[in-house]
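Chains as they are written, first to last, in the numbering used here: chain A, 606 to 700; chain B, 387 to 932.
Here it is in structure tokens:
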């Protein structure tokens, strides 16, 4: 089984054509229900379920522009990469 | 009183405390007494305290958030080094009276002429404050000279002791004498370190004293052996390539002829000499004249060459009036256009940009381990490691070669181009990498040497951007005229290579990351072009606008 990791980070320089590839990869992940991030064979699999808090922020400071997209959600248990596991349904415990 | 003024005062006290310590030691040697010993011991405590104080203040100043000029920082660093060496000298001074206990008769030492050694030490010490305050290289050299004098005095003492031992002298006494002489000789080592530290504060570059010796030899064999005081270091150009360069001016009655002195690896200096001569045949006066060339028999050599007056193109980009800068860039373009045309040799050639890049990879990753990210991915989108990206670009660009070769400078960065003081011409310096290859190598090195200037203020940055753009326009025009239709693809490789390797010298993490990411961006563009004709490739020059 592939090793899991808790964090993924990547930084690169793109232009408006090449950046679309990244957005498409994220879009595909959301559509398939799993976003898979990998680093040297280790994987971080995120499965957005339920409600996703989406924050879009755009700002201009002089010549510098920043556009950030932030997605936040909670997962009941750590996601595994195996897609075909039986689905466990649990009752929510009151906090 | 500012911290710097306090520091200067502490420093002066430190020097005079060590002077007095050495004087007390000499007195003790001549007439030992308990009182004398006590004085020396308490003097040593005072010196230790001063040393800590100076150390603390220099670090405090060096850590000042608003920063300081390079010259000031060099001064503080050298004061710190001097202080450490002074403290060591004071320790040696304490050790000498302690040795006296081992003598059967204290007056035994009087016949060994230690006064001469003390005189040398005190003479070296007497120059320190003035040399530091006036940034006087001549005085610094005199301090260094004490080490050589002390060495030979110690040798004399050593020889006398050996002779006396053989003649059946008292071994205990003679060994003690040798120890005393040895402590004085080690004070000389400290004086040498002090002299070198002062030179560092004057010229802003670490220098080893043998460079000065080679320098005087060089001047000497031209028929005039000047005393050292006539050799005056005026400024320095530090390079990152392992050679250290100083500028000296010979002061003779008729005319002052400034000469440039280089000491370094012999093979490197030899190729510099040969290339300089080659360039001089192609465009007379473009490189500096070579006056003297001297191998030193230890794999090093020295060159004395013409000191070209004027400013480097880097100074021009940063400081000159727009018009002057425009003129300098125009002269550079004229010169390159002429050189490329005259030296053009038919036949394909490769500068092997990717090979050059690979050879720097280890050094870059050692400096910036965070660039070595490994293989990443987001879903089906692979984000290649730098190494595998390089492999793909190598495959994609296989067979991509320049249609002809020209004689290139080999390290055409802004600091290696001098704009003459009269504004009439430019000169090339540091030609040891010059050879016949793809002219794109010089273009990319020049462009990146502009880009990597740590200039972030908008107005200045736009000057840098403009100089890059103008130069690329000129280079592109040359390519079009010569029918070089893969120019832009090779330029992209060259730029990626220079951006990547420049990160080795960039300590500003943010800026070095910028350069690295731009290098990767250019490599990605080359990789994506695989399978299509390289004549259709366009260099994304926006990657060179910061």
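From the three backbone atoms N, C-alpha and C, an ideal C-beta is built for every residue, glycine too.
- Burial is judged here by how many other beta carbons sit within 10 angstroms of a residue's own beta carbon; residue 496 of chain B has fewer than 16 and is exposed.
- For residue 425 of chain B and residue 410 of chain B, the gap between their C-alpha atoms comes out near 8 Å.
- Residue pairing for residue 670 of chain A: DSSP places it in a beta bridge opposite A:665.
- Flagged as an interface residue toward chain B: residue 643 of chain A, by a C-beta distance shorter than 9 Å.
- By DSSP's assignment, residue 768 of chain B forms a beta bridge with B:763.
- For residue 540 of chain B, the enclosing alpha helix (DSSP H) stretches over residues 523 to 552.
- Among the residues facing chain B, residue 640 of chain A is included, as its CB has a counterpart in that chain under 9 Å away.
- Contact between the stretch 473 to 488 of chain B and the stretch 561 to 569 of chain B is present, with at least three C-beta pairs closer than 8 Å.
- Looking from the CA of residue 853 of chain B, the closest CA among B:896, B:781, B:711, B:799 belongs to B:711.
- Counted as a single uninterrupted DSSP element, the alpha helix (DSSP H) harbouring residue 721 of chain B occupies residues 708 to 729.
- Put simply, the CB of residue 896 of chain B is far from chain A, with every gap to its CB atoms at 9 Å or more.
- DSSP places residue 755 of chain B in the helix class (H, G or I) of the three-state scheme.
- Within chain A, the C-beta atoms nearer than 8 Å to that of residue 906 of chain B come from 617, 618, in chain order.
- Residue environment for residue 669 of chain A: exposed (fewer than 16 other C-beta atoms within 10 angstroms of its C-beta).
- By the Cβ rule, the stretch 777 to 790 of chain B counts as touching the stretch 861 to 873 of chain B, because three or more pairs are nearer than 8 Å.
- Around the Cβ of residue 874 of chain B, a 10 Å sphere holds 16 or more other Cβ atoms; the residue is buried.
- Within chain B, 767 have C-beta atoms less than 8 Å from the C-beta of residue 626 of chain A, given in sequence order.
- Classified as buried, residue 901 of chain B has 16 or more neighbouring CB atoms from the shown chains inside 10 Å of its CB.
- Burial check for residue 827 of chain B: the Cβ neighbour count within 10 Å reaches 16 or more, so the residue is buried.
- Residue 675 of chain B sits close to residue 666 of chain B, with the two beta carbons spaced by under 9 Å.
- Beta-bridge annotation (DSSP): residue 677 of chain A is paired with A:658.
- For secondary structure counted as the beta strand (DSSP E) over 3 or more consecutive residues, the stretch 443 to 521 of chain B holds no complete run.
- At a cut-off of 9 Å between beta-carbon atoms, residue 910 of chain B makes contact with chain A.
- Rounded to the nearest whole angstrom, the C-alpha separation of residue 930 of chain B and residue 830 of chain B is 11 Å.
- Contact check for residue 514 of chain B against residue 440 of chain B fails: the beta carbons are separated by 9 Å or more.
- By the 16-neighbour rule on beta-carbons within 10 angstroms, residue 446 of chain B is exposed.
- In this structure residue 724 of chain B is exposed. Its beta-carbon is surrounded by fewer than 16 other beta-carbon atoms within 10 angstroms.
- Near chain A, meaning a CB-to-CB distance below 9 Å, the residues of the stretch 743 to 763 of chain B are 759, 760, 761, 762, 763.
- Between residue 565 of chain B and residue 483 of chain B, the C-beta gap is not smaller than 9 Å, which leaves the two residues out of contact.
- Going by C-alpha positions, residue 588 of chain B is about 8 Å away from residue 457 of chain B.
- At a cut-off of 9 Å between beta carbons, residue 852 of chain B makes no contact with chain A.
- Nearest to residue 778 of chain B by C-alpha distance, out of B:657, B:903, B:909, B:708, is B:909.
- Note that the C-beta distance between residue 677 of chain A and residue 657 of chain A is below 9 Å.
- Counting other Cβ atoms within 10 Å of its Cβ, residue 580 of chain B reaches 16 or more and is therefore classed as buried.
- Less than 9 Å separates the beta-carbon of residue 886 of chain B from that of residue 747 of chain B.
- Judged by DSSP in its simplified three-state form, residue 607 of chain A adopts coil rather than helix or strand.
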